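Reading through the structure tokens given below for one structure.
There are 2 protein chains.
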Amino acid sequence: MNKPTIKDVAKEANVSIATVSRIINNGVGYSAKTKDLVMQTVQKMGYSPNAIARGLINKQSNTIGVLMPELSGLVSAEILHGIEKAAHSQGQSVIVCNTASVGGQTLDYLKLLQEKQVDGVLFTSQFLTHEYADFIKKMGVPVITISAYSEDRATPAVRVDDETAAYDAVKYLLQQGHSEIGMISGSPGDRLAGAPRIEGYKKALHDEGIPFDKTKVVWRNGFYFEDGREACSQLLNEHPTITALFAASDELAVGAMTSAAEQGIQVPDQLSIIGYDGTKLSAMVLPPLTTVSQNFIEMGETAATLLLDSIQTGVTSKGATIQHQIIERKSVRKL
Amino acid sequence: MNKPTIKDVAKEANVSIATVSRIINNGVGYSAKTKDLVMQTVQKMGYSPNAIARGLINKQSNTIGVLMPELSGLVSAEILHGIEKAAHSQGQSVIVCNTASVGGQTLDYLKLLQEKQVDGVLFTSQFLTHEYADFIKKMGVPVITISAYSEDRATPAVRVDDETAAYDAVKYLLQQGHSEIGMISGSPGDRLAGAPRIEGYKKALHDEGIPFDKTKVVWRNGFYFEDGREACSQLLNEHPTITALFAASDELAVGAMTSAAEQGIQVPDQLSIIGYDGTKLSAMVLPPLTTVSQNFIEMGETAATLLLDSIQTGVTSKGATIQHQIIERKSVRKL
DNA sequence: TTGAAAGCGCTACCAC
DNA sequence: GTGGTAGCGCTTTCAA
């Protein structure tokens, strides 16, 4: 009543297990007749090869591990989607690890992935410390970061150029005639999505000869709706003359829209807002949000593909930069 | 230069591999001294057990498989989050399979999971046919569905009572004084999220003595923003006298809000809308959406916990019904 | 308290 | 073309 093994099939078909193995692996060295016989027996017995036993020999699990600090947001979901798509198209499975679930247990997850013998790891939206990088190096498998920042700067990365993207966002606002531009952001201490975007904002202003006023960038620790709501409220309070706003995420932008509404300020008539990310959310709010879009599905897909290449060829990937793009909708008014 | 195995550790520590095995598994039968020695060697050599080899013996992979038809939405993301949380807290890994990615390759994924020897499967947001159920039965592992519908009705399920939840939503509208109530929905042929919610709508109306008018429920094939926008536009067109609207998903509701705005109709002043799901999205739109919330994270968590129980005890789970809850916000007006 | 050895299901090498 | 068999890294009797 147990699951049939290759041995059972061999016995039933009166051939050796070696022959069965060759046949189910499309190897060479058997007659068409034996093949038919064996395939029929396989069918009849409902035999299915055991990937664990295979993995033990081949020293590979055909599985990659994905670490992300958040699972329930749109951004992670899209990245994961892209990863899954690319991975499965090459016969690899993906194990997800939510590194924030138990409070930054990244190292524990890494250990787990090591024990599970994953063939590679994708490190997402998180700061890759030396400690983590070293650990992964010891695991002896390739790693690629996705919209992450690595301390050693050497780990291959798939990402958009955050600074340029932010620059472009602010530039866009400038081009629409705005000059009093505020920003709401995540923490400047966040080297992934905080600092670079602020830097882009700063540069765009500077290139236009507008002095940088640090009180015009209000930040919170997260990039979520409530953060945006609060930050915008504070910003509008301190700088009522602002006509446009660059938000470092769509959720931040949407939070800002709510805050504006609460203060009776019309978007875009009295306040223009440009978001960042280009998640589905941006298209669903009113007015629809103009935003700089990062193609997260593509990021996931590219990263997974690159990782798989690395696994097969053994050569370290070079990473990739994904293009961003401004999606014009209705939250920015031309002055 | 290869990764050390248990053999290497044994040799280095001058003990047998049996002893090392006992120690790293917290077994019994060794002296404190040997333990120290071995642990130190393990440390020194950077030894990490090979879960694949273990799995071969224990006949279990400590991995569960999750099948979902969509990965990039808020609902799936939250369910997955819950699953991951519960699974990892019990030392299990989760493999995600996006059954829609290559066009309904559910059976292929099932085969894959079988080969990977997963200890159980979670079948999510999808119709569980006899074929799938049979296959899983042959795999010999427990399965639990999550907000899914199973053809055989016997598979343990974790879900909210959709019909009652829809009933409650419409009842709520009724209690606010509305009597001309429309509905926008997914397909009535969808036995998961289509038919039951329409049924609930119908019943609530009936209990209030309001005749059911089938032209007042407009449906599309999906539950997405654009579907809602279209459906609402059609509904408003055919039934301009409607004062309230029950949308079978938050995205549908938000699409309806956009459609209303396009026609210059104020929400909630001229049209009240109640959504369904209670995703983060519902809190972020303007006006914030009143909705019946499902707690997807809890669903995922519960299902994973139940599945793990089943795996350990060998007894089939009974499933669970998750409570829904109406979250009052500002999209419904009291008449 | 410890070690030797069988064997989990499979692949790959070597013989025939 | 086909079969025998060593051995992947580990757990688990059984003996000592």
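Protein chains in written order, with this note's numbering: chain C, -3 to 331; chain S, -3 to 331. Beta carbons: idealized from backbone N, C-alpha and C, even for Gly. Remember, predicted model here, so these are calculated numbers, not experimental data.
- Check whether the Cβ atoms of Ile270(S) and Leu201(S) lie closer than 9 Å to each other. As a working mapping, residue 270(S) is identified with position 274 in the second sequence. As a working mapping, residue 201(S) is identified with position 205 in the second sequence. Contact: no.
- Task: Please name the residue in Tyr105(S), Thr239(S) and Asp158(S) whose C-alpha comes closest to that of Thr317(S).
- Result: Within the second sequence, numbered from 1, the residue matching residue 317(S) stands at position 321. It is Asp158(S) whose Cα lies nearest to the Cα of Thr317(S).
- Query: Just to confirm, are Val154(S) and Met295(S) a CB contact at a threshold of 9 Å?
  - Reply: In the second sequence, the residue the question calls residue 154(S) occupies position 158. In the second sequence, the residue the question calls residue 295(S) occupies position 299. A contact, by the Cβ cut-off of 9 Å.
- When you compare each of Ser181(S), Gly116(S), Gly182(S) and Ser175(S) to Thr151(S) by their alpha carbons, which one comes out closest? Here residue 151(S) is taken as the residue at index 155 of the second sequence, counted from 1. It is Gly116(S) whose Cα lies nearest to the Cα of Thr151(S).
- Message: Which runs of the beta strand (DSSP E) at least 3 residues long sit entirely within the segment 164 to 233 of chain C? Give them in chain order.
- Response: 177 to 181 and 213 to 215
- Does Ile307(C) come within less than 9 Å of chain S when only Cβ atoms are used? Counting from one through the first sequence, the residue named residue 307(C) turns up at place 311. No, its Cβ sits nowhere closer than 9 Å to a Cβ of chain S.
- Item | At least 3 beta-carbon pairs within less than 8 Å: the segment 304 to 313 of chain C vs the segment 267 to 287 of chain C | no
- Query: Under the three-state reduction of DSSP, which class applies to Ser278(S): helix, strand or coil?
  - Reply: Position 282 of the second sequence, counting from 1, holds the residue named residue 278(S). Correct three-state label for Ser278(S): helix.
- Out of Glu204(C), Gln259(C) and Ser245(C), point me to the one whose CA is closest to Gln230(C)'s CA. Here residue 230(C) refers to the residue found at position 234 of the first sequence. Of the listed residues, the one whose Cα sits closest to Gln230(C) is Gln259(C).
- Task: Would you list the one or two residues that DSSP bridges to His286(S)?
- Result: Looking up residue 286(S) in the second sequence gives position 290. Here residue 286(S) turns out to be Thr, not His, going by the sequence shown. In the DSSP output, where bridge partners are listed per residue, Thr286(S) has Ile270(S).
- Message: Distance cutoff 9 Å, beta carbons only. Does Phe219(C) sit that close to anything in chain S?
- Response: In the first sequence, the residue the question calls residue 219(C) occupies position 223. So no, Phe219(C) is outside the interface.
- Roughly how many whole angstroms lie between the Cα atoms of Asp246(C) and Thr275(C)? Working through the first sequence from its first residue, we reach residue 246(C) at position 250. Working through the first sequence from its first residue, we reach residue 275(C) at position 279. Each residue's alpha carbon lies about 7 Å from the other.
- Specify whether the segment 72 to 91 of chain C and the segment 125 to 137 of chain C touch according to this definition: at least 3 beta carbon pairs, one from each stretch, less than 8 Å apart. no
- Backbone secondary structure at Arg352(C) - three-state DSSP: Since the first residue of chain C shown is -3 and the last is 331, residue 352(C) is not available in this structure.
- Between which two residues does the alpha helix (DSSP H) containing Ser89(C) stretch? Mapped onto the first sequence, residue 89(C) falls at position 93. Note, Ser89(C): premise wrong, no alpha helix (DSSP H); beta strand (DSSP E) at Ser89 to Asn94.
- Query: Is the CB of Pro284(C) under 9 Å away from at least one CB in chain S?
  - Reply: Position 288 of the first sequence holds residue 284(C). Pro284(C) counts as touching chain S.
- Message: I need the boundaries of the beta strand (DSSP E) containing Ile60(S), first residue and last residue.
- Response: For the purposes of this step, residue 60(S) is taken as residue 64 along the second sequence, with counting starting at 1. Ile60(S) -> beta strand (DSSP E) spans Thr59 to Met64.
- Specify the secondary structure class of Gln113(C) as computed by DSSP and reduced to three states. As a working mapping, residue 113(C) is identified with position 117 in the first sequence. Note: Gln113(C) maps to coil in three-state DSSP.
- Message: Rounded to whole angstroms, what is the Cα-Cα separation between Met420(C) and Ile91(C)?
- Response: In the structure as shown, chain C starts at -3 and stops at 331, and residue 420(C) therefore has no counterpart that could be examined.
- Item | Under 8 Å (Cβ pairs) to chain S, residues found in the segment 126 to 141 of chain C | Lys134 and Gly136
- Task: Would you check if the distance between the CB atom of Arg193(C) and the CB atom of Ala161(C) is smaller than 9 Å?
- Result: Within the first sequence, the letter at position 197 stands for residue 193(C). Within the first sequence, the letter at position 165 stands for residue 161(C). Their beta carbons are under 9 Å apart, which means Arg193(C) touches Ala161(C) by this criterion.
- Message: Could you tell me the alpha carbon to alpha carbon distance between Ala83(C) and Val38(C), rounded to whole angstroms?
- Response: On the first sequence, residue 83(C) is found 87 positions in, with the first residue counted as 1. On the first sequence, residue 38(C) is found 42 positions in, with the first residue counted as 1. The alpha-carbon atoms of Ala83(C) and Val38(C) are separated by roughly 27 Å.
- Task: For chain S, find out if any of its Cβ atoms is closer than 9 Å to the Cβ of Tyr105(C); answer yes or no.
- Result: Start at 1 with the first residue of the first sequence, and residue 105(C) comes out as number 109. Yes, contact with chain S.
- Item | Residues that Pro45(S) contacts on chain C, provided the C-beta gap is smaller than 8 Å | Translated into the one-based positions of the second sequence, residue 45(S) becomes position 49. Correct list: Glu111.
- Query: Do the segment 247 to 255 of chain S and the segment 211 to 227 of chain S meet, that is, are 3 or more Cβ pairs less than 8 Å apart?
  - Reply: yes
- Task: Quick one: using the 10 Å Cβ neighbour count with 16 as the cut-off for buried, is Ile53(S) buried or exposed?
- Result: Counted from its first residue, the second sequence places residue 53(S) at position 57. Exposed.
- Could I get the ranges of all uninterrupted alpha helix (DSSP H) runs contained in the segment 11 to 75 of chain C, with 4 residues as the minimum, in chain order? 13 to 20, 28 to 41 and 47 to 54
- Task: Work out the CA separation of Ala28(S) and Val11(S) for me, nearest whole Å.
- Result: Within the second sequence, numbered from 1, the residue matching residue 11(S) stands at position 15. Within the second sequence, numbered from 1, the residue matching residue 28(S) stands at position 32. The alpha-carbon atoms of Val11(S) and Ala28(S) are separated by roughly 14 Å.
- Query: Whose C-beta lies closer than 6 Å to the C-beta of Val16(C) among residues of the same chain, with five residues either side of it excluded?
  - Reply: By 1-based counting over the first sequence, the position of residue 16(C) is 20. Here the set comprises Ile2, Val5, Ala6 and Val34.
- Contact set between His174(S) and chain C, taken where Cβ atoms lie within less than 9 Å: Here residue 174(S) is taken as the residue at index 178 of the second sequence, counted from 1. Simply none; closest approach about 23 Å.
- Message: Check this for me: beta carbons of Gly190(C) and Ala244(C), under 9 Å apart or not?
- Response: Counting from 1 along the first sequence, the entry for residue 190(C) is found at position 194. Counting from 1 along the first sequence, the entry for residue 244(C) is found at position 248. Contact: yes.
- Item | Delimiting residues of the beta strand (DSSP E) encompassing Ile387(C) | Past the boundaries of the shown model lies residue 387(C); chain C is included only from -3 to 331, so the question cannot be answered.
- Among all the DSSP beta bridges, which residues are the ones paired with Ala240(C)? For the purposes of this step, residue 240(C) is identified with residue 244 of the first sequence, where counting begins at 1. Ala240(C) pairs with Ile177(C) and Ser268(C).
- Query: Could you give the distance in angstroms between the alpha-carbon of Lys(-1)(S) and the alpha-carbon of Asp32(S)?
  - Reply: Your numbering for residue -1(S) matches position 3 in the second sequence. Your numbering for residue 32(S) matches position 36 in the second sequence. Cα-Cα distance, rounded: 21 Å.
- Query: Thinking C-alpha only, which one of Glu176(S), Gln262(S) and Lys326(S) is nearest Gly205(S)?
  - Reply: Locating residue 205(S) in the second sequence gives position 209, where the first residue counts as 1. Checking every option, the nearest Cα to that of Gly205(S) belongs to Glu176(S).
- Beta-carbon of Ile2(S) versus every beta-carbon of chain C: anything under 9 Å? As a position in the second sequence, residue 2(S) is number 6, starting the count at 1. Chain C contact via Cβ: absent.
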